[in-house]
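Convert by adding 806 to the 1-based position in the sequence shown; the result is the number in the working numbering. Backbone N, C-alpha and C fix where the C-beta goes; we use that ideal spot for every residue, glycine too. Have a look at the structure below before the remarks.
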Amino acid sequence: MFNPQSTKEPLPPKPVEAMPHTLAGMTFNEWRQKKQKSHKWRNIRWSVVIGLSVLFILSFALDLSILEGSLSGSRLLGFYLIDPYNSLQMLAISSTTGYIVHLTMNFWIGLGTIVLFYAIMGGRTYCSWVCPYHLLAEWTDKMRDLLVRKYKWKDHTFHRSIRYVFWIGFILVAFFTKNLVFEDVNMVGILSRTMIYGPGLILLWVLGVILFEVLYSKRFWCRYVCPLGTTMGMIGSVAPLSIKFEHDKCGYCRDCQTVCLVPHVLWFVQRGKATQAVHYTGQDCTRCGLCVDSCPGGALSYSFKGIDKLT
Ligand code: SF4
Ligand code: SF4
């Protein structure tokens, strides 16, 4: 779960005759630059995130039974959906109060539906295709990138395992306080409720986290804190929907790792690292498609493992 890298012997790096730019009769730079700037998957994804928020807002404002509630707990056409980390906290609390046997069938159906869906589609797909904070952070990343480019601003990284400390920590806090404490600081819930029911002072907390990310550590919340994202990663650890990498089409430019927010999942794109002709990204991949859009060789694509690529 912690280290996605293969322990197999790496394949030998491709000789220059087998590189995609040579096969295309170009220099490496010509091949790399021939790729038209594409934002296909990014645009589709942003439309989905915004569209979901609009559905929540319209359902509330016009009293429609389309997508009611918020991202912490909702009803889609009357069908319950529940945030799985929220559910874990509720289970921790109810195990101390004896209320666990009284949890409703809607609770179990809502949880089961979400778990099943993301176990197939990839748990962290939720992060880039549903979460409004991910979208906000993508936009504020532009500020950070400007600081890095102009002033050589330094990024501060941490060990990825600290997210498991937060994951366990918030469950323990719920258990001992009998309160859903994480929900008070949860970016997903705060932003979702703000859009539907209106803003409050809690937005200062969101602003503080964004400033911290822009000035000190890129995507700190998503990478190291958010226990919902960690839960989603666990749920989707063996998901069939993934990003497929084909070694023969790769030119080792690593443009994909530059745009990826979790570049360790693309470890196999480095010269001399791939251990097989085809690799799939691991559980931290959010299936955002930025790497698919950026690859000059078309070496990356959405795919259902065992079937074939989808794009
Ligand atoms: S997979 Fe990554 S490193 Fe390989 S060609 Fe595509 S963008 Fe470059
Ligand atoms: S590997 Fe590709 S799809 Fe996965 S998170 Fe990175 S850029 Fe997004």
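Does the region 911-925 come within contact of the region 869-876, defined as at least 3 CB pairs closer than 8 Å?
no
Quick one: grab the DSSP three-state call for Lys1050.
Within the sequence shown, numbered from 1, the residue matching residue 1050 stands at position 244. The answer is strand: DSSP assigns Lys1050 an E or B state.
Can you tell me whether His962 is buried or exposed, with buried defined as 16 or more other CB within 10 angstroms of its CB?
For this step, residue 962 is matched to residue 156 along the sequence shown. Per the 10 Å Cβ criterion, exposed.
So does Cys937 have its beta carbon nearer than 7 Å to some heavy atom of ligand 2?
Along the sequence shown, one-based indexing puts residue 937 at 131. No, Cβ of Cys937 sits at least 7 Å from all heavy atoms of ligand 2.
Segment limits, alpha helix (DSSP H) that includes Tyr932
Counting from 1 along the sequence shown, the entry for residue 932 is found at position 126. Segment Thr931 to Trp935, the alpha helix (DSSP H) holding Tyr932.
Using the C-alpha atoms, what's the distance from Ser1048 back to Cys1091?
The count along the sequence shown starts at 1 and reaches residue 1091 at position 285. The count along the sequence shown starts at 1 and reaches residue 1048 at position 242. Those two C-alpha atoms are separated by around 8 Å.
How many whole angstroms separate the CB atoms of Thr1036 and Tyr970, which I take to be in contact at a CB cut-off of 8 Å?
Here the question's residue 1036 lines up with position 230 in the sequence shown. Here the question's residue 970 lines up with position 164 in the sequence shown. With a Cβ gap of about 7 Å, Thr1036 and Tyr970 count as contacting.
Taking the straight line between their C-alpha atoms, what separation do you get for Pro1008 and Ser967?
Counting from one through the sequence shown, the residue named residue 1008 turns up at place 202. Counting from one through the sequence shown, the residue named residue 967 turns up at place 161. The residue asked about is misnamed: residue 1008 is Ile in this sequence, not Pro. Rounded to the nearest angstrom, the two C-alpha atoms are 28 Å apart.
Is the region 887-894 in contact with the region 1002-1019, if contact means three or more CB pairs nearer than 8 Å?
no
Going by Cα to Cα distance, which pick from Leu1096, Lys1111, Cys1062 and Ala1105 is closest to Trp852?
Along the sequence shown, one-based indexing puts residue 852 at 46. Of the listed residues, the one whose Cα sits closest to Trp852 is Leu1096.
Residue from Leu1067, Leu1010 and Ile856 with nearest C-alpha to Ile996:
To locate residue 996, count along the sequence shown from 1; it is residue 190. If we check each option's Cα against that of Ile996, Leu1010 comes out closest.
Please tell me whether, using a cut-off of 7 Å, the distance from the CB of Cys859 to the nearest non-hydrogen atom of ligand 1 is below it.
Sequence index remark: in the sequence shown, residue 859 carries index 53 (1-based). Looking at the sequence provided, one finds Ser at residue 859 rather than Cys. No, the beta carbon of Ser859 sits no closer than 7 Å to any heavy atom of ligand 1.
Opening and closing residue of the beta strand (DSSP E) in which Val1084 lies:
Within the sequence shown, numbered from 1, the residue matching residue 1084 stands at position 278. First-last of the beta strand (DSSP E) with Val1084: Val1084 to Tyr1086.
What span of residues does the alpha helix (DSSP H) with Tyr886 cover, start to end?
Within the sequence shown, residue 886 is the residue found at index 80, counting from 1. Counting along the chain, Tyr886 falls outside any alpha helix (DSSP H), though it belongs to the beta strand (DSSP E) covering Phe885 to Ile888.
Counting beta carbon pairs with one atom in the region 858-866 and one in the region 1079-1094, are three or more of them shorter than 8 Å?
no
Measuring from the CB of Thr1119, is there a heavy atom of ligand 2 at a distance below 7 Å?
Absent from the model: residue 1119. The displayed extent of the chain is 807 to 1117, so no value can be given.
Let me check understanding here. Comparing Cα to Cα, which of Asp1061, Ile1113, Leu1067 and Val1075 lies closest to Lys841?
As a first step, residue 841 must be located in the sequence shown, where it is residue number 35. Of the candidates Asp1061, Ile1113, Leu1067 and Val1075, the one whose C-alpha sits nearest the C-alpha of Lys841 is Asp1061.
Hey, out of Ala980, Lys984, Ala943 and Arg1077, whose CA is closest to Leu1013's CA?
Taking the sequence shown and counting its residues from 1, one reaches residue 1013 at position 207. If we check each option's Cα against that of Leu1013, Ala943 comes out closest.
What whole-angstrom Cβ distance do Ile1041 and Tyr886 have, given they're in contact under 8 Å?
Taking the first residue of the sequence shown as position 1, residue 1041 is located at position 235. Taking the first residue of the sequence shown as position 1, residue 886 is located at position 80. So it is not a contact: roughly 17 Å between Cβ atoms.
Could you give the distance in angstroms between the alpha-carbon of Lys1118 and the alpha-carbon of Trp1027?
One cannot answer for residue 1118 here, as it falls past the ends of the chain, which runs 807 to 1117.
For the alpha helix (DSSP H) holding Tyr939, just list the boundary residues, first then last.
As a first step, residue 939 is located in the sequence shown; it is residue number 133 there, counting from the start. Run containing Tyr939: Pro938 to Tyr957, per the alpha helix (DSSP H) assignment.
Say yes only if the C-beta of Gly1104 is nearer than 7 Å to one or more non-hydrogen atoms of ligand 2, and no if none qualify.
By one-based count along the sequence shown, residue 1104 stands at place 298. Gly1104: no, Cβ never under 7 Å from ligand 2.
Buried or exposed: which applies to Asn849, given that a residue is buried once 16 or more other Cβ atoms fall within 10 Å of its Cβ?
To locate residue 849, count along the sequence shown from 1; it is residue 43. So Asn849 counts as exposed.
Within a Cβ cutoff of 8 Å, which residues of the same chain sit near Ser998, ignoring the five residues on either side of it in sequence?
Residue 998 sits at position 192 when you count from the first residue of the sequence shown. The answer, listed in chain order, is Ser859, Phe862, Ser876, Leu877, Ser878 and Pro938.
If you run the structure through DSSP and keep just helix, strand and coil, what is Ser853?
Looking up residue 853 in the sequence shown gives position 47. Ser853 falls in the helix class under three-state DSSP.
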